[in-house]
Every structure is written in structure tokens, then in C-alpha cells.
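Asker: Residue numbers (this note's numbering): 1100 to 1406.
Questions regarding the structure given below will be posed in turn.
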């Protein structure tokens, strides 16, 4: 019988921001959205991708092996003796990655079984089970719902606290498949206006809003925390957040509403992928001002931060 495989970008240990206690984060590959502020662009495409970190490259004069082994000429040496990546020619044979001694070239994405992911996370000790857990993120975990459900089921089977981070943009059946094995759901609602949502994320928010309505009506055993990334010039005005809060007031129950201040920490990954970062130069928001707004909105919703 063929094992269920999942495409994973990274497993991050010892996180304290994505669920109660100390967590392991599993980043799945693939997402239906293209948020222009995305801090994990390497998780957007389901396909494997090559990252090139020019800061680690020791240069064509000292090395240049990547250009020598590339069968398609996708890696070549410029007139200025610089390594250049032509991604339009790349066939993802990864021969360049194999010979890169400085690790300037690397692959985003790895196919793993449930057991492989399970075994790479923290030791399933009594301390971990009591004070931490695992959070499945992305990308969008629901794009690989069958794998994620099987993985979460395995953790639940040994008493580990489980959580997912989702945009909710998926058929309801995929959410139904995963929810029984979750203790906690972080659910993003980024922008209320549908046209504005599509402008900045590539998709409208109809399915997202419909799914959270269903989720809050049908799932009484899972904690639900709504999150909004607050991005300068896009949804950072108080009325933008109040619009979301008014919608949340119509839902049966949520545990909390978190505002996440924009940061540009992921901009270097765009460079590695050869992608233009549209928010280059945009300053991070002051955490204190976002925190104060968050507190006002929590009072409006009659919720308190508990996790």
C-alpha cells in the first residue's frame, strides 16, 4: 500500500509564537494565494524551486561548477564573472545544487512521509506533550489535506497538542478532513472588501468567509483564533480592522483575534527565488501601536488573549 506523501519546505523547532508552549512548525508547500506581503514566498508554489543565495556564493573564478554541470545553460557565468540563474531554462535536475560546495544553491521542498515528519520533530516526551505541540503551517496546509490530516492524527494519538495555520481558501470538505485532529485553528481574515482582497492576494474572500461561518457553527471542540496581518498602506487603518471585527461579531464563537504587524523579514527569500518583492522599502509597523489597536478590538469582541 502506497504511503501518503507530503511536500514540506521546512521544519522549525522551538517556536513560541504559533500555539501554546514550545512548538514545532511544519511548513507545507503550496498556496492558492499570492499575498504581496507574504514572508514565505518559497511555500507558494507546490513545485520544487531552486534558491540562490549570492551572499554565500564563492564566485565563478573560485568555483563555477554549477555553470559547468547545468545541462540546459540555466546557470551561466556573466561577462563580469558573476553566476547568473536563468530560471526559464531550468528543468530542476538539481545537478547544480549537488556540486555547490558553499551551499549557495539549495532546493525549496522535500517529499516526506508522515513518519518521516513525525520523527524529525521534537522528541515526543511527556514534557513536550504537556507544554507544547506541533503547528502545521505553509503555504496552505489544506492544499495537502489528506497528508496533514494523517500527520495530525498521529500526533493526537500520542497526546500532542495540534494546530494549523490556514487562510481557509479551500473546499469545505478539505477543512472537514483536517479539523477532527486539531486542538487549535489559526484562521486568517486579511481584508473584508472582496475586490481589495483580490487585488492584494490574487483571490477574493468569499470561500474564506463562508468557511469560517461553517467552522464556528459546527466545530465546538476546537479553539479558533482569527488573525489579520496588518500591512502599511493596505489594511493598517483602524476602519479596516473594525470592518473585520464587525464580521467576527456575527460568528457564534471565537477564542481570540490577533493582529500581526507587518515585517519584511522574508524579503531575502524573494531575491533567492528571483522574484520581485513589491513591498521593498516598506517599513515595519510599530508593535506597540498595533498592540494597542488589538486591545481595543478585543474589548469590542469581548475576547481575551489566552494563548
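All C-beta atoms, glycine included, are put in the ideal place defined by N, C-alpha and C.
What do you reckon, are the CB atoms on residue 1400 and residue 1336 nearer than 8 Å?
Answerer: No, they are not a contact pair.
Asker: Mind checking who residue 1160 pairs with in its DSSP beta bridge?
Answerer: Residue 1160 pairs with nothing; no bridge assigned.
Asker: Are the region 1137 to 1153 and the region 1206 to 1216 in contact at 8 Å, needing three or more beta carbon pairs?
Answerer: Segments in contact, yes.
Asker: May I ask which residues mark the beginning and end of the alpha helix (DSSP H) holding residue 1138?
Answerer: From DSSP, residue 1138 is part of no alpha helix (DSSP H); its letter is neither H nor E.
Asker: Within 10 angstroms of its Cβ, does residue 1291 collect 16 or more other Cβ (buried), or is it exposed?
Answerer: Buried, since its Cβ has 16 or more Cβ neighbours within 10 Å.
Asker: Between which two residues does the alpha helix (DSSP H) holding residue 1392 run?
Answerer: It spans 1386 to 1400 - the alpha helix (DSSP H) in which residue 1392 sits, taken as one unbroken run.
Asker: Please list the terminal residues of the continuous beta strand (DSSP E) segment that includes residue 1218.
Answerer: Run containing residue 1218: none in the beta strand (DSSP E); it sits in the alpha helix (DSSP H), 1213 to 1219.
Asker: Between residue 1139 and residue 1365, is the Cβ-Cβ spacing less than 8 Å?
Answerer: Their beta carbons are under 8 Å apart, which means residue 1139 touches residue 1365 by this criterion.
Asker: In or out: residue 1286 buried (at least 16 other Cβ within 10 Å) or exposed?
Answerer: Counting Cβ neighbours within 10 Å, residue 1286 comes out buried, since at least 16 surround it.
Asker: How would you label residue 1165, buried or exposed, when you count the other beta carbons within 10 angstroms and need 16 or more for buried?
Answerer: By the neighbour-count rule (16 or more Cβ atoms within 10 Å), residue 1165 is buried.
Asker: Name the residue from 1289, 1329, 1328, 1149 whose alpha carbon lies nearest to the alpha carbon of residue 1372.
Answerer: With distances taken between Cα atoms, residue 1372 lies closest to 1149.
Asker: Report buried or exposed for residue 1181, applying the criterion of at least 16 other Cβ atoms within 10 angstroms of its Cβ.
Answerer: By the 10 Å Cβ count, residue 1181 comes out exposed.
Asker: Return the first residue and the last residue of the alpha helix (DSSP H) that residue 1247 is part of.
Answerer: Run containing residue 1247: 1244 to 1256, per the alpha helix (DSSP H) assignment.
Asker: Can you pull the DSSP bridge partners for residue 1122?
Answerer: Paired residues: 1114, 1232.
Asker: Considering just the uninterrupted stretch of the beta strand (DSSP E) at residue 1283, what are its terminal residues?
Answerer: Per DSSP, residue 1283 belongs to the beta strand (DSSP E) from 1283 to 1287.
Asker: With a 10 Å radius around its C-beta and 16 neighbouring C-beta atoms as the bar for buried, classify residue 1280 as buried or exposed.
Answerer: Buried, because 16 or more other Cβ atoms sit within 10 Å of the Cβ of residue 1280.
Asker: Take every Cβ of the region 1149 to 1158, pair it with every Cβ of the region 1293 to 1302, and state whether three or more of those distances are shorter than 8 Å.
Answerer: Because the criterion of three Cβ pairs below 8 Å is not met, the region 1149 to 1158 and the region 1293 to 1302 do not touch.
Asker: Let me know if residue 1239 comes out buried or exposed under the rule of 16 or more other beta-carbons within 10 Å of its beta-carbon.
Answerer: With 16 or more other Cβ atoms within 10 Å, it is buried.
Asker: Assign residue 1246 to one of two classes, buried (16 or more other C-beta atoms within 10 Å of its C-beta) or exposed (fewer than that).
Answerer: Residue 1246 comes out buried.
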